[in-house]
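See structure below.
Number of protein chains: 2
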Amino acid sequence: MRHNLIEPGDNEDITNERRGSSFSVGKLATFIHGGEEKFRRRQEILKFVEAQEDFQDPIPPEFMSRKERVENNARKIIAMTNKIAFIDQSDIFEEGLLFQSLIMGRDFHAMSLHYGMFIPTIQGQTDDDQLDYWLPLAVSRAIIGTYAQTELGHGTNISKLETTATYDAKTDEFVLHTPTVSATKWWSGGLGKSSNHAIIPAQLIINGSNKGLHMFIVQIRDLKTHMPLPGITVGDIGPKMGIPGIDNGFLIFNNYRIPRKNMFMRYSQVLSNGEYIAPKHSKLRYGTMVFVRSLMVRDQAMQLAAAVTIAIRYSAVRRQGEWKPGLKEVQILDYRTQQYRIFPYLAQSFVFLFAATEVKNLYMRVNEQLSDGITELVQELHILSAGFKAVVTWEVAKGIEQCRLACGGHGYSHASGLPEIYSFAVAGCTYEGENIVMLLQVARFLMKTVKEIRSSSAHLAAIAKYLLDDWKHKSSFREWQAAKYEDLVEDFEQAARNQIYFAYDYMQQLQKDNHSPEEAWNCASVELCQASRLHILCFMAKSYFSRIVQCTEPEIARILDLIGKLYLLYEISTHCYSFRKADYMSDEQIKNVKCGIYEILGNLRPEAVAIVDSFDFSDRELHSVLGRRDGNVYAAMLEWAKYSELNKTEVLSTFKQYFGPMMESARSKI
Amino acid sequence: MRHNLIEPGDNEDITNERRGSSFSVGKLATFIHGGEEKFRRRQEILKFVEAQEDFQDPIPPEFMSRKERVENNARKIIAMTNKIAFIDQSDIFEEGLLFQSLIMGRDFHAMSLHYGMFIPTIQGQTDDDQLDYWLPLAVSRAIIGTYAQTELGHGTNISKLETTATYDAKTDEFVLHTPTVSATKWWSGGLGKSSNHAIIPAQLIINGSNKGLHMFIVQIRDLKTHMPLPGITVGDIGPKMGIPGIDNGFLIFNNYRIPRKNMFMRYSQVLSNGEYIAPKHSKLRYGTMVFVRSLMVRDQAMQLAAAVTIAIRYSAVRRQGEWKPGLKEVQILDYRTQQYRIFPYLAQSFVFLFAATEVKNLYMRVNEQLSDGITELVQELHILSAGFKAVVTWEVAKGIEQCRLACGGHGYSHASGLPEIYSFAVAGCTYEGENIVMLLQVARFLMKTVKEIRSSSAHLAAIAKYLLDDWKHKSSFREWQAAKYEDLVEDFEQAARNQIYFAYDYMQQLQKDNHSPEEAWNCASVELCQASRLHILCFMAKSYFSRIVQCTEPEIARILDLIGKLYLLYEISTHCYSFRKADYMSDEQIKNVKCGIYEILGNLRPEAVAIVDSFDFSDRELHSVLGRRDGNVYAAMLEWAKYSELNKTEVLSTFKQYFGPMMESARSKI
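Protein sequence lines correspond, in order, to chains A and B.
Under full-length UniProt numbering, the first residue of the first sequence carries the number 1, and numbering increases by one thereafter.
Under full-length UniProt numbering, the first residue of the second sequence carries the number 1, and numbering increases by one thereafter.
Have a look at this one:
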């Protein structure tokens, strides 16, 4: 399995790269994907997907119009769910994500929210009768549902959603209504044209009194004709930066009536006489969200890995510039600036992938504990997943775009796949909790912790224990080869601790200077975000370290060590002022960090193609002309371009209609 | 003119913002746009454009397919050039860019290269007979031409282009040929479907000897039928990340013959007997490129200004979150984190706009000097324009994307205009000289300068004079209000000087450690790029300062001062390690820089809407539902969505074909 990606007819440069690497791609791939059985399953799933006729695209999706893409996705999502039994459905994290990505590509589809939100919300929010009624309908695909929470004017602060559900005791019904334009439901996936049902969070009004947000299940289109029901206005919200294959929708209610039993009543109830029964206690219901975020982060890490794979493979076959006259042009992968643009994101892909697994495992542990009534880790996990999501999605977006730019002009073409990867991944900075809001949630937790520490009442979550440790006043870092992970992690902890206490003290000072607590929080919020980022970095560093110590193969351990060191030094360099502060590191040490990065880049250079081969992307999954396994990029680009909409006719209508007459008239005058 | 943007029916929040600002929008707009006459012309041009029926789009372009967009642009570019006499054609920098942007939007078109490259190359490279023949044809629009330099496998290093032009003395012709797939001409705008002529740089071969790259003008399509001529294969290269309205093309020659006189012969000639006459001296021909870059940077700065305008206006009308229960939700512009995301880019827009003008003026001065035979400033200008382009395009791309993310979910919709602004502007990081290559060109100049200084032979260009100054060992910065521009500029110079000499010494060290000069350059290249960036920052800082001292209105001067300070402190904070290094600034000073930023953000907050109003974007030019002057965003989004391709029918075909049968079959089984 050592050089298993080499085949006859491959581009010579990429073959030489594969021959020149020092380790077994199969072994690293097995380590990345969590063991031989999992690695084997990846091949099986790929083979299965490639064999199904109804999983195939008639033309590459990037050449489809939005409508064609929506139609193609509709066809494929039915085919996919028809054959879902092929994969282990208890393993959404790995098998599920891979299966979906191989079939649906980098896009959502009409039923993304049916599976991601509609069914889970039914499972979590209904009473027993409701569950018995709705769940079979949803699971059997007898109805298509979505979850319509956000409104045109309302996102994160859901308590201010404007849609109302007013109880009418006379008819035993709720009247759903959209009182203003800004109350229009907006963005929900599959809402525009595909769903005939939606779960609607709305303000519950009984006898003029607002009982707060509750959830209602609503039929919005006729089951037979699929026409919107009277009182419903619904449609697509129009083109977006990416993710064209899903009909994100809007929805307006005009005094639309639904039966009382369509309010989900697991926690609160409305009786037929209008009596309101409040929930017994406000439940901690972080579970689904945390799981979705760990799924999301795994997918994001894979998107970054894909971008890095494309950029590195292309940089191996692209030659440009000369070092010595008369020699062949240089492979652009040889340029330190090119390595510096790409390899740190290669390192991040590993760190994020491993950390996503750790968060998922933590989620599993918490779920087990919860069934025993132990809630100790719930808040920690919630905070961790929020901060983790914010840091990862932003780094991934930056990294993909750097990879794209590193491919020069061709990176701008959809042939590279990179514009689509970027527009797909960057949406993650906004959905499932806007990143800045997430960072401030983490900061809220950190400030509470510092306050408790200062008042000696702290009961610290494991992830925050380092805040209690003694301050280290001087980094022991000398040079990268000799640096120990434990010491580097301590450096990260010190930088984080320093920033976290700084932010706390800064807020205290602002309050002494007559700012209200809210103002002080706001004025310090940029520093608070930085505290959260450094806090999350500590988690990443520790998490990577705890994973790679499990590696028993020296040839692989060497690669993982280079990658880990690059990650750590690059992050120190990125935040180097935080490490330089209070003379924790000297100028000399910072210089050694930077020079260490350049040396590691040089060490990774001959391994780079083999490392990205180890992510085990098939050409199908990668979907990139620039990133093809065989490296035969240019001929493939020419082939690809033939699909262009403009190439369907040799002469465009613009000639007859516009340019032909213009030129002829000018020629007649010369 | 104080509050001239307020109209009845406007969103209340945005009106309050305009009422609450401290200065006259008209006065700031006049200052930005270079005087009352220029400001007046902007209004005239807008009015003219709005009155021309043939300049209008039938539907917003973001709802068009690529083909529709290409057709619409073809129609409009003819209409635009028909009426070009309305503007002052000697003022491309301001009137030309505005006119084009109002009519063509953020897109290129079939004749972008005809005007941008084809005509200028004819002007620069032909002998007199050739000029007399080709220029009237091009200018009168009797032919459409493009410039086809890059090939599939070759970009920046043009000496390695593969296309050949072999002289055949028997027929007095050149034979153009594409010897390999990687020699396929690729990317040229308008080449795919629109142009019938192209200028082709190719290797000139005479009697088996390669004379290097020369330019040839080639007819590629029949004038009457527009069919590709025999021996020519040509087409569109397929969809890209953005800029859909232009047919970037590919071109393959199969031993295609052209007359000898189609080689441009201003500098070298080929006689009919095959004799080659080499150019007398290799000319400095930076002129066009420098001018194109200063145009480009002005346009980039305006794109950033547009993004900032959208983000700030939307942040004024978007309310989310509560500081005190019971009060209205907070305008998101009140969040310091939101200000921190957007306002530094507001400041950059000003700095870049003013610097673009300075580069343009320098270009004019150099051109005057050149006609007197003075070449002193040519290299300086060339280097400056390269570095300036690299720094500006990257900051602009980052800034636009931050503005987009700051608009939350709606920023992801094409309704915001931001995805299009981003994909249009970010291409600038790659074309007209890839950014990293540009930074390394600047570094080459800086290292040569240091070497000359060290060997006491330096004849320094004005822009590099500070490299000779005495080193300053301690910044005098205390707090932002009291800080003087001169001192801050010195801080920048010291940081740049420090980094430039550091990079030089690092290279020396590497050479002592047995690296070849090429290896040493490569190993140090990341530090070299950083040296170039800091060098360019010094120019920006000085250039802004020299512009705003011309402001005579105190109310405007105050705003320009806040903007300038924000720019400078933000850049210090971004590169804060470079300022902390060698204890040039202390931790306390860095803290004051950061706290200074937060305070300036607070000071700019009430002025922000009025400041962006001063950019004087019409709704037509801004083309953003989120950035509308009137702030009535939500109703307009709903209107906008009605154009969606998916909303043309109430029920999509996916229901009848896929989802209907799926659901019906499931229901029949329940």
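Heads up, the beta-carbon is just placed ideally off N, CA and C, and yes, glycines get one too.
Values in this document were obtained by computation on a predicted structure and should not be read as measured data.
- Proximity of VAL391 of chain A to chain B, defined by a Cβ-Cβ separation below 8 Å, is not satisfied.
- Neighbours of ASP587 of chain B in chain A, taken as residues whose beta carbon is under 7 Å from its own, are LYS581 and ALA582 in chain order.
- With contact defined as three or more Cβ pairs closer than 8 Å, the region 638 to 658 of chain B and the region 226 to 238 of chain A are in contact.
- Listed in chain order, the positions of the region 115 to 138 of chain B with a beta carbon within less than 8 Å of a beta carbon of chain A are PRO136 and LEU137.
- Distance from the CA of LEU562 of chain A to the CA of ARG106 of chain A, rounded to the nearest whole angstrom, comes to 30 Å.
- In the displayed model, ILE232 of chain B falls within a strand according to three-state DSSP.
- Neighbours of ARG66 of chain B in chain A, taken as residues at a C-beta separation under 8 Å, are given in chain order as GLU645 and LEU646.
- Counting along the chain, the unbroken alpha helix (DSSP H) around PRO517 of chain B starts and ends at 517 to 523.
- Short of 7 Å from the beta carbon of LEU405 of chain B, and not among the five residues preceding or following it, lie these beta carbons of its own chain, in chain order: GLY411.
- Relative to the Cα of TYR115 of chain B, the nearest Cα in the group B:GLN56, B:ILE143, B:ALA397 and B:THR126 belongs to B:ILE143.
- Straight-line spacing of the CA atoms in ILE312 of chain B and ALA524 of chain A works out to 21 Å.
- The Cβ-Cβ distance between MET117 of chain B and TYR147 of chain B falls below 8 Å.
- In this structure, DSSP gives GLY20 of chain A a helical state, which the three-state scheme calls helix.
- Around the beta-carbon of GLY208 of chain B, fewer than 16 other beta-carbon atoms lie within 10 Å, marking it exposed.
- For GLY96 of chain B, no chain A residue has a C-beta closer than 7 Å to its own C-beta; the minimum C-beta separation is roughly 20 Å.
- Under the Cβ distance rule, VAL218 of chain A does not count among the residues neighbouring chain B, no pair being separated by less than 8 Å.
- For VAL270 of chain A, the three-state secondary structure derived from DSSP is strand.
- Distance from the CA atom of PHE350 of chain B to the CA atom of PHE174 of chain B, rounded to whole angstroms, is 51 Å.
- Excluding the 5 residues flanking it on each side, TYR567 of chain A has same chain C-beta neighbours closer than 6 Å at ALA347 and VAL351, in chain order.
- Going by DSSP, GLU173 of chain B is part of the beta strand (DSSP E) stretching over 173 to 177.
- LEU327 of chain B counts as exposed, since fewer than 16 other beta carbons sit within 10 angstroms of its beta carbon.
- With respect to the 8 Å criterion, ILE252 of chain B and GLY631 of chain B are not classified as neighbours on the basis of their beta carbons.
- In chain order, PRO259, ARG260 and SER272 place their CB closer than 8 Å to the CB of ASP172 of chain B, counting only its own chain and leaving out the 5 sequence neighbours on each side.
- Relative to GLN320 of chain A, the option among A:TYR335, A:SER268, A:ALA183 and A:THR309 whose CA is nearest is A:TYR335.
- Taking a C-beta distance under 8 Å as the contact criterion, ILE45 of chain A and PHE99 of chain A qualify as a contact pair.
- By the CB criterion at 8 Å, VAL181 of chain B and ALA415 of chain B fall outside the cutoff.
- With respect to ILE220 of chain A, PRO228 of chain A sits close: the two C-beta atoms are nearer than 8 Å.
- ILE342 of chain B carries a helical assignment under DSSP once its states are collapsed to helix, strand and coil.
- Around the beta carbon of ASN647 of chain A, 16 or more other beta carbons lie within 10 angstroms, which makes this residue buried.
- About 14 Å separates the beta carbon of THR156 of chain B from that of TRP186 of chain B, a gap too long to meet the 8 Å contact definition.
- For the region 423 to 439 of chain B, the set of positions with a beta-carbon nearer than 9 Å to some beta-carbon of chain A reads SER423, VAL426, ALA427, CYS429, THR430, TYR431, GLU434, ASN435, ILE436, VAL437 and LEU439 in chain order.
- Approximately 15 Å separates the beta-carbon atoms of GLN509 of chain A and ALA531 of chain A; this is outside 8 Å, ruling out the contact.
- Contact of TRP471 of chain B with chain A is not assigned, every C-beta pair being separated by 8 Å or more.
- Look at the beta carbons and you see the region 426 to 436 of chain A touching the region 394 to 401 of chain A: at least three pairs across the two are nearer than 8 Å.
- Under DSSP, the beta-bridge partners assigned to VAL218 of chain B are B:ALA198.
- Contact annotation: the region 567 to 579 of chain B touches the region 491 to 498 of chain B, with at least three C-beta pairs closer than 8 Å.
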